[in-house]
Amino acid sequence: MAVIRTAQIEDALAIAHVHVDTWRTTYGGIIPDEHLANLSYERCQAGWIEHLSRPEVEQVFVVEEPGGAIVAFASGGPIKETLGEWDGELYVLYVLKAFQGLGYGKQLVTHVAQDLARRDFRSMVIWVMKDNPARRFYEKLGGRLIGEQGITIGGKDLLKVAYVWPELTVFR
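Position in the sequence shown counted from 1, then plus 57, gives you the working numbering.
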């Protein structure tokens, strides 16, 4: 049985693999192919080492399969961009394609929300690419669409949308 646990710095490379591989399978046809092809496990690993070095700000949780493979992760902390009264943010949620539909995403969102609540945050926002077919997942979890914003990735203008859970108590 898989376990959800707090990520350690030693997990950075495995997290980078999930991150890059999920971007490639999720955003093909949305983000330019050249940008996806240029994603690097090593550069991504360096970024995750930095994130994992700041647990007082950002908490990262991983799903670890019985053999030790990390197949999903999520992170959250204080909201990065002021967006009304909302104070917490689910920064990322990535689940390898082969492990989607097993409940790991919902469990990770719940873990992040409960962690934010323990740290006295009241609400949680996530930004998702508008064309991401998986964004309906957040609606099924009760997220309410509250905004839209432009973003440029790989030279292509795209849109991202924000979902909010106004009360973290729904994740008890």
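Glycine included, C-beta positions come from ideal geometry on N, C-alpha and C.
Take Pro-89 as the anchor and find which of His-108, Tyr-161 and Gly-211 has the nearest alpha-carbon. Gly-211
Less than 9 Å between the C-beta atoms of Asp-172 and Gln-116, yes or no? yes
First and last residue of the beta strand (DSSP E) that includes Arg-176? It is not in any beta strand (DSSP E) - Arg-176 carries neither H nor E in the DSSP assignment.
Reference Phe-130, options Leu-147, Leu-215 and Ile-87, closest by Cα: Leu-147
Is the stretch 60 to 79 close to the stretch 91 to 109, with three or more CB pairs under 8 Å? Contact between the stretch 60 to 79 and the stretch 91 to 109 is present: 3 or more CB-CB pairs across the two stretches fall below 8 Å.
Rounded straight-line distance, which links the Cα of Val-218 to that of Trp-143: 15 Å
Any idea if Asp-177 is buried or exposed, counting beta-carbon neighbours within 10 angstroms, 16 or more meaning buried? exposed
If you check the beta carbons only, do Ile-61 and Gln-164 fall under 9 Å apart? yes
Mind checking whether Tyr-161 and Glu-196 have CB atoms under 9 Å apart? Their beta carbons are not under 9 Å apart, which means Tyr-161 does not touch Glu-196 by this criterion.
So the candidates are Ala-126, Thr-82, Ala-64 and Gly-145; which of them puts its Cα closest to the Cα of Trp-222? Gly-145
Cutoff 6 Å; reference Trp-184; Cβ partners in own chain excluding five residues on either side: Lys-217 and Ala-219
Coil, strand or helix - Trp-105 by DSSP: helix
Do Ile-106 and Ile-66 count as a contact pair if the criterion is CB distance below 9 Å? Yes. Within cutoff.
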